[in-house]
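Presented below is the structure to which this report refers.
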Amino acid sequence: MNVTNTPIPVSLMGQTFSANDERMWHLNEIHKGLNLPDRKSPSEWRNAVSVELRTSGNLRSLDGSGTFADELGTIAYAMWVSTDFYLMVAGAFVAMRNNAVGELRSAKTLLDANMPKASTLDMKARGAGLTWTEACRVAGIQQSRLALEALVTLGNFVYPVDNFGAREGSPRPHKQGFEVGAFVKVSSDFGNREGWRVKPRGLDWLRKNAEAVNLRVAEVKARKDKAQRDAKARLKENLKASSPEF
């Protein structure tokens, strides 16, 4: 697989956008598909950055077809739209690139590159199973904690609930995953934060779905970052409003 010549799709807010043969993304499709404000239409992007990108060929406008941009131009457009959108787009491209690199590796190379004593881990997977953190590192999945939430949004994992329907503990695979032997429950808390481990079948599934998981992780992270910034902004406003004026 030639990563430099193969157009790779990028996932944004649950939608997938593909580059053309010249590795250019259609900014109008992104603008329309994500319901961005009219004032943030690519045709309205007229500043020093867009002028420079047009001069260098990173940004192109075609009559009747819209505006196209390479990765650099797309990220720059996202930055012009908003800080939150920029962080989401940049994160999605990082996830896309990491996955493309991962696809070039064989399973053995992945093991050797991501964890020491790969053969030992492989044996561990066949035996007691791998912890979630170990499995993510072997499969090339980023940010194991966020990956659990990402898998919930993808419908692959669920939150356990108590008798009153309240969430209890961290996400885990559906019951079927345990029934088919992809995952196994563990009784000891030592080294088993989640209460279950990943077996070879589950590890293979994680490898095959690493791209989708990593892309969704980028989206989850962007939403969390936005929520934190919004919370800080509200706190700052509340403190300002409650401060006495002398």
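Positions in the sequence shown are counted from 1; adding 2 to them yields the numbering used here. C-beta atoms are modelled at their ideal positions from N, C-alpha and C, and glycine is treated no differently.
What separation, rounded to the nearest whole angstrom, lies between the Cα atoms of residue i and residue j?
i, j, result
"Ser52", "Ala220", "25 Å"
"Ser45", "Leu55", "14 Å"
"Asp206", "Phe70", "37 Å"
"Phe19", "Pro11", "5 Å"
"Pro39", "Lys187", "47 Å"
"Met26", "Lys210", "26 Å"
"Phe159", "Ile32", "29 Å"
"Val200", "Gly179", "10 Å"
"Lys228", "Phe185", "33 Å"
"Leu106", "Met81", "Residue confidence for Leu106 is low, a pLDDT of 47 falling below 50, so the modelled location carries little weight; the figure read from the coordinates is stated next. Leu106 and Met81: Cα-Cα distance of roughly 30 Å."
"Leu148", "Arg225", "11 Å"
"Ser84", "Arg128", "47 Å"
"Asn60", "Trp47", "14 Å"
"Lys42", "Lys223", "23 Å"
"Asp86", "Asp232", "11 Å"
"Gly75", "Asp164", "48 Å"
"Ile77", "Ala21", "14 Å"
"Ala109", "Gln145", "Caution applies to Ala109, whose pLDDT of 47 falls short of 50 and renders its modelled position unreliable; the model cannot decide the point."
"Lys177", "Gly157", "13 Å"
"Gln17", "Gln230", "24 Å"
"Glu151", "Ser58", "40 Å"
"Ala130", "Leu14", "37 Å"
Tell me whether residue i is buried or exposed, calling it buried when 16 or more other Cβ atoms sit within 10 Å of its Cβ.
i, result
"Glu196", "buried"
"Glu24", "exposed"
"Gly171", "exposed"
"Arg169", "exposed"
"Asn216", "buried"
"Thr133", "buried"
"Gly93", "buried"
"Asn37", "exposed"
"Asp65", "exposed"
"Pro162", "exposed"
"Gly167", "exposed"
"Val91", "buried"
"Leu237", "exposed"
"Val140", "buried"
"Leu208", "buried"
"Ala137", "buried"
Taking the beta strand (DSSP E) that residue i belongs to, which residues open and close that run?
i, result
"Val163", "No beta strand (DSSP E) holds Val163; DSSP gives it neither H nor E."
"Trp47", "Where Trp47 is concerned, there is no enclosing beta strand (DSSP E), given that its DSSP letter is neither H nor E."
"Ser63", "Leu61 to Leu64"
"Arg199", "Trp198 to Val200"
Below 8 Å on the Cβ atoms is my contact criterion, and I expect residue i with residue j to pass it. Report the Cβ-Cβ distance as a whole number of Å.
i, j, result
"Pro88", "Leu29", "Residue identity check: residue 88 is Tyr in the sequence provided, not Pro. Not confirmed; about 14 Å, so no contact."
"Arg203", "Thr155", "At roughly 23 Å, the Cβ-Cβ gap does not stay under 8 Å, so Arg203 and Thr155 are not in contact."
"Ile143", "Ala212", "5 Å"
Let's see if you can read the secondary structure: which residues bound the alpha helix (DSSP H) around residue i?
i, result
"Arg231", "Ala212 to Ser244"
"Leu75", "For the sequence presented, residue 75 should be read as Gly rather than Leu. Per DSSP, Gly75 belongs to the alpha helix (DSSP H) from Glu73 to Val83."
Determine, for residue i, whether the minimum Cβ-Cβ distance to residues of chain C falls below 8 Å.
i, result
"Ala168", "The question asks about chain C, but that chain is absent: this structure has only one protein chain."
Legend entry - Uninterrupted alpha helix (DSSP H) stretches inside the stretch 9-37 (no shorter than 4 residues): If we require 4 residues or more, the alpha helix (DSSP H) runs fully inside the stretch 9-37 come out as 29-35.
Inset, instruction - Scan the stretch 139-191 and note each continuous beta strand (DSSP E) run of 3 residues or more that stays entirely inside, going in chain order. - result: Listed in chain order, the complete beta strand (DSSP E) runs (minimum 3 residues) inside the stretch 139-191 are 185-187.
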